[in-house]
Amino acid sequence: MATYSSLLSFSLCLLILFHSCSAQISQVTSRSRQQQQRYQTQCNIQNLNALEPQQRVESEAGYTEFWDQYDEQLQCANVAVIRHTIQQKGLLVPSYTNSPQLIYVMDFKELHSRVVPIHTNIQKNNHRDSPQVRGGVAHWIYNRGQSNLVLVSLYDVGNAANQLDQLFRKFFLAGSPPQEFQGGSQSQSQRGRSQGPHQEQGRQQEQRRHRGQGQEQSGGNIFSGFNQELLAEALNIDTELVNRLQRNDPQRGIIVRVEKEFHVITPQRHEQEGREEEEEEREQQRGRYNGLEDTFCSMKLRHNINKPSLADSYNPRAGRATSINAYVLPILNNLQLSIDKVSLYKNAIYAPHWNINAHSIVYITRGGGQIQIVSESGEAVLDEQVQEGQLFVVPQGFAVVKRAGDRGLEWIAFKTNEMAMTSQLAGRDSALTSMPVSVLENAFGISREEGSRLKNRRWEMTLFTPSQSSRGGRY
Amino acid sequence: MATYSSLLSFSLCLLILFHSCSAQISQVTSRSRQQQQRYQTQCNIQNLNALEPQQRVESEAGYTEFWDQYDEQLQCANVAVIRHTIQQKGLLVPSYTNSPQLIYVMDFKELHSRVVPIHTNIQKNNHRDSPQVRGGVAHWIYNRGQSNLVLVSLYDVGNAANQLDQLFRKFFLAGSPPQEFQGGSQSQSQRGRSQGPHQEQGRQQEQRRHRGQGQEQSGGNIFSGFNQELLAEALNIDTELVNRLQRNDPQRGIIVRVEKEFHVITPQRHEQEGREEEEEEREQQRGRYNGLEDTFCSMKLRHNINKPSLADSYNPRAGRATSINAYVLPILNNLQLSIDKVSLYKNAIYAPHWNINAHSIVYITRGGGQIQIVSESGEAVLDEQVQEGQLFVVPQGFAVVKRAGDRGLEWIAFKTNEMAMTSQLAGRDSALTSMPVSVLENAFGISREEGSRLKNRRWEMTLFTPSQSSRGGRY
Amino acid sequence: MATYSSLLSFSLCLLILFHSCSAQISQVTSRSRQQQQRYQTQCNIQNLNALEPQQRVESEAGYTEFWDQYDEQLQCANVAVIRHTIQQKGLLVPSYTNSPQLIYVMDFKELHSRVVPIHTNIQKNNHRDSPQVRGGVAHWIYNRGQSNLVLVSLYDVGNAANQLDQLFRKFFLAGSPPQEFQGGSQSQSQRGRSQGPHQEQGRQQEQRRHRGQGQEQSGGNIFSGFNQELLAEALNIDTELVNRLQRNDPQRGIIVRVEKEFHVITPQRHEQEGREEEEEEREQQRGRYNGLEDTFCSMKLRHNINKPSLADSYNPRAGRATSINAYVLPILNNLQLSIDKVSLYKNAIYAPHWNINAHSIVYITRGGGQIQIVSESGEAVLDEQVQEGQLFVVPQGFAVVKRAGDRGLEWIAFKTNEMAMTSQLAGRDSALTSMPVSVLENAFGISREEGSRLKNRRWEMTLFTPSQSSRGGRY
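Going line by line, the protein sequences match chains A, B and C.
One point on numbering: in UniProt numbering, the residue at position 464 of the first sequence is 464, and numbering is uninterrupted.
One point on numbering: in UniProt numbering, the residue at position 4 of the second sequence is 4, and numbering is uninterrupted.
One point on numbering: in UniProt numbering, the residue at position 369 of the third sequence is 369, and numbering is uninterrupted.
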């Protein structure tokens, strides 16, 4: 069980950032009602490749990589994906976005006690004397560890919570953000792309050209746009200190090196969270963790999705799959997102299936394998060997099959629905299995016996054991 | 009462297809919250005509007709409409879509016991030991009857459940679908049309040209896009059988002839459904049917909308109207759709009104009559004699009046809201009736007596008796 | 406290118009779920100015002013704003829209007993013998007072309730509406603008030219588009009276002069409403008004947002701010809108902040001051002295600071979320205040002492007292 034990040797963490956390049930209901639907873009999906980041921007204590938001896959899913690499003692400076955001933290065990990832700004609203908690999500991340910290961040630009246009924007409260974060400062021809039908051809070249300049240009943080004296009066500080807030230093960028000691006066809530996590771990060892605490945002903003007790599917000869949806983690109702984590052993197959009500944005976290994606026209739009660090999109309805290579295959799949569902084309609960033999017989023009074979020969659920022949590693 | 008795001589059935049916209340709630809003397109409505299908594609045992999805009316409503004619012993092969779908079945009485229309794929999710039902809607339809079976299918492309773009797509698990079902394989200039402002002029010609080729081209089903050996291993079958799944035979198309006997091992659920329908009929005869059973998807996916007891409005001299909304049929909450069925007797008038919160897509099921639709600029954008088999859209807010011809007029209206509402311009509960006379007097510059006449001279509710003069059949 | 007493000397009223009011809880739930999300447009915000109306159309007894719906600010927020000035004895004729609408009534005290603003058309639906109330919002407004009545009306074109495109439309049941209300009759090149990327440059000129013709052209009301004889039969009136309904008289326009006495037979509901308002006022004087009655549409469609007891924030040296959201006024759940009313005293500052989950459309009701808006690129996109009667948009996420001039500054802010939230950049509950000093220290490269100053020197909540130096009125 080499693969399984290697699975235990690393662990992963998910950070969920949203506009706010609401501590009143009535408000939660109201809010979850409100964030409802995705914005559509074009899904001109014909011939895809697994994607690597297109752009890299250096900061003082790390670097940030950007996938091309205008790639047709990411356009169709209407998300932006970036990857931060934060060096030891690096601080990702405070920022916020207008879109919900999921951050996947690689190598969680290491940084467990080293990162205080989320700063949530709780404020009492004295309206009618009823408690009402609201907050923004200006957040920062500090790497207290001995090695680089890698974060894969998905920004759900197409989410209903985003009331601006479909350009990816991130608002920095400090530092010198590169223009890749500034949807609004991109050129006008570019900004129209998600909508114009005939400008597609020139898009990618122009995109690359534009982005090529990105590394030299940096904008200011949001303090830098205010009048110095007005800001000084609002904060009741001297203009010299305002100068420091507004300073633009592209060398420092958005990940700065902490030179002195880093003190964090942890709010009560965070301590509690730390304790809870430890308790969770203990509970888990005792087998009592149930994963369904009725907890609010502060407590469930971090979620270790690799705990074995959360696994949905486990096949000792094929692998393990876990889904974190709004049922498991209620705050996902607010984000309209969910996430899967899957480990496939050597040569195992993840059942061919389609996503019923979501796009699936897949990031390979480890190993490699074969991926095929088929469109409604019956053509393979992607058929490729993928590797760790690559990304691809499985659009809603499109059929997909994944098969691990010799080193196994592990991925996370961000899904654009808080209760994402799939329907399988093979396996015990598949569409074929539940059709009458007469339908299969006539629909495919096959014999009764063949129809019966079609239904019954693969009786595993989702994770399929490789056949004898393929254990030799054909793919 | 010739028209009324003829009404009884035929009966209609509605099939509702959706992503899935959810057997957990909590999930139902979550799902219904999630499907929320329509995607907007242009509503450049200036001069309309009632529409007939633009394209016809033959299959082995029937044919499929397509309305032009790029017609400005259907663009505004953002729906696609097709009509299947399935011959005796014809099987419409399994397929699924990424948009909710309503199928209106003509001549229901005949096929009642002959069609097993819906295959729903229920699968247990062992997550946390709580029951959780999820399913896709790969469905197939078989005509066991003695005559052709006609289905009018509305695909709600603009529905929030569709996360792809605004092209109509249908994914076939078998057969050889024509490219009309393949939004993704349409040409790039075409796919951009729903968005580009200046390309409108050339649209229709190109559309026709493109579609003209449609009959010769067929794509494969979704199995055909996978690698043969990978699929063989996933299904654990030999590649010869995979060959049969992947075979593209345009002659058979998507409606195939069943040569041998057609056995369906009806799942328990379906039997139950059959019994329920018989019981419903008996109950109905005894007058005890209440139409409000608290049932789940499997039981209420079919709904006979012509049962007299469901009628909302009945005027013995004008006709009968029935609304099926989410209040009557809760699963419509998930689709964000509802449907009206109206029978107008000879020369009767359906009150002029506007749709408050929905588009109305009207399909004439019988007879003929006069339709006028007025835009916010006070111009008639449609003023036409319509006939059985034609289709038109009444956009949200636009005012419409319908008047039956000499043979009566019957229609169904698909509405893009699960609780569609109208407001009338005439009749007992109209906007005029509830305004103070002083407002009418001054707003129209008429006398007090005239204002009073305006409010009080038409005291029926919705279905208006023809006046003496018009019973001669002026329209 | 001169400013505060002047505040008391005028009072404001808010009218809320929506498709309908639903008297069944189940329906309210269903409806509020359904209206969920905004339509996105482009937010190409680079260099803004406060806006005044671009177009003025005269009617017999008043005039209507239109802000340019194609201005980039209003495009980004996806709203249309108009201002009606109704002379003494003027009647704004009945109309309805397909978008939710908020009307802000200037100088409410004066017209309190003179306006019967909303006619709501309630009708019983005898479906299943259960009460079901539905209605349209054909509404009219009459100025019974001695002076002009000024209404500022926001139409939320981007609201999910609008199923047509993003053109502003208003459907008039009477009068001769100018073409500014007719999205559908605008030229084709114009209608495509909200979507086409490259046509932006020519937009504004063409817009102006087009609108310049607007004053001479008038369309008919919706009755004018129907066939005369068909309408006569539907209403059961003679064609001569139909002629009067259909008459197009641009001189009268949409605000007509009431020559004779204006009788309104107030429905029971309205009387009740009147009584309630008087009671509210008495309660308010006795300090017992709680603003949270569990009331339905008819009772809460008008809301006096200037009642001191509703104030959220009050700083005797800086001003007063009130938020009306769905928590205070549940019907706002249906509109997905809320509203703020703020009075800043001379030279006081409203805390720099960003809107977390909404756009903010700000209309200056009194006085003047300095506004700065900063985008995610750290640039001030608006930096201007604003005056009474001007309008500007603060897009979601953008940072904004407001500072009153010598005469004080008062505004209303329409917000595109029924539970709009902000996060502050300064003050006791700001993002800075709740960050650890170490984060500020390293993020800004400042000393520990400076970080501490940044957090602690402005300890007011939202409304900031001017500093000694600026009380001289620098801005």
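Just so it is clear, CB atoms sit at the ideal spot from N, CA and C, and this is done for glycine as well.
Remember, it's a predicted structure, so these values are computed and weren't measured experimentally.
Indicate whether at least one CB of chain B lies closer than 8 Å to the CB of C/E58. no
Nearest neighbour of A/Y345, chosen from A/R428, A/Q101 and A/T465 [CA to CA]: A/T465
Using a C-beta to C-beta distance shorter than 8 Å, which residues of chain B count as neighbours of C/H263? P436, V437 and S438
Would you list the residues sitting across from A/G367 in a DSSP beta bridge? A/L409
Please state whether DSSP places C/L154 in a helix, a strand or coil. strand
Is there a C-beta anywhere in chain D that falls below 8 Å from the one on B/V342? Here chain D cannot be found, since the structure's protein chains are A, B and C.
For A/R320 versus A/S343, is the C-beta distance shorter than 8 Å? yes
Determine the direct distance from the alpha carbon of C/L231 to that of C/D238, and round the result to whole angstroms. 9 Å
What residues are listed by DSSP as bridge partners for B/N355? B/T422
Alpha-carbon to alpha-carbon, A/Q424 and A/E388: 25 Å
Are the C-beta of B/D71 and some C-beta of chain C separated by less than 8 Å? no
Starting from the beta carbon of B/G145, find every residue of chain A whose beta carbon is closer than 7 Å, and list them in chain order. Chain A residues near B/G145: none, gap ~17 Å exceeds 7 Å.
Closer than 7 Å, Cβ to Cβ, to anything on chain A: give me those residues from the segment 235 to 257 of chain B, in chain order. L235, N236, I237, L241, R244, L245 and V256
Since B/Y314 sits in a beta bridge, which residues does DSSP pair it with? B/R320
Cut-off 8 Å between Cβ atoms - residues of its own chain near A/L173, not counting five sequence neighbours on either side: V93, P94, S95, Y96, A138, N221, I222 and F223
Chain B residues whose Cβ lies nearer than 7 Å to that of C/Q182: E376 and S377
What residues match up with C/D340 in a beta bridge as DSSP calls it? C/S323 and C/A413
Could you name the residues of chain C that A/V93 contacts, counting a contact when the two beta carbons are closer than 7 Å? A443
Thinking C/L440 and C/L454 are a contact (beta carbons under 8 Å), I'd like their distance in whole angstroms, please. 6 Å
Quick one: grab the DSSP three-state call for A/L332. helix
Do we get a CB-CB distance below 8 Å when we pair A/F464 with the residues of chain B? yes
With a CB to CB cut of under 8 Å and the five nearest residues on each side skipped, what residues in its chain are close to C/Q427? Note that residue 427 of chain C corresponds to Gly in the displayed sequence, not to Gln. These residues qualify, in order along the chain: A351, T433, R458, W459, E460, M461, T462 and F464.
Quick one, are the C-beta atoms of A/A420 and A/S313 less than 8 Å apart? no
Between B/A80 and the rest of its own chain, which residues show a CB-CB distance below 6 Å, the 5 nearest in sequence each way excluded? Q69, Y155, V157 and F168
Endpoints, the alpha helix (DSSP H) within which B/Q246 is located: T239 to Q246
In three-state terms, what does DSSP make of A/E376? coil
Look at the alpha carbon of B/G62 and the alpha carbon of B/H263, and state the distance between them as a whole number of angstroms. 21 Å
Hey, is the segment 245 to 258 of chain B in contact with the segment 174 to 184 of chain B, meaning 3+ C-beta pairs nearer than 8 Å? yes
Check C/A404 in the structure and name its three-state DSSP category. strand
Grab the span of the beta strand (DSSP E) containing C/S95 for me, first residue to last. G90 to Y96
Taking just the CA atoms, how far does C/F398 sit from C/K415? 14 Å
Rank A/E410, A/W354, A/E450 and A/C43 by C-alpha distance to the C-alpha of B/Q182 and give the top, closest one. A/C43
Under 7 Å between beta-carbons, which chain C residues line up against A/G62? List them in chain order, please. Per Cβ cutoff of 7 Å: no residues; A/G62 is ~13 Å from chain C at best.
According to a CB-to-CB cut-off of less than 8 Å, which residues of the segment 153 to 171 of chain C neighbour chain B? A160, A161, N162, Q163, L164, D165, Q166, L167, R169, K170 and F171
Let's test the definition: count the other Cβ atoms within 10 Å of the Cβ of B/R83 and tell me whether it reaches 16, buried, or not, exposed. buried
Beta carbon proximity, A/F226 to chain C, threshold 8 Å: yes
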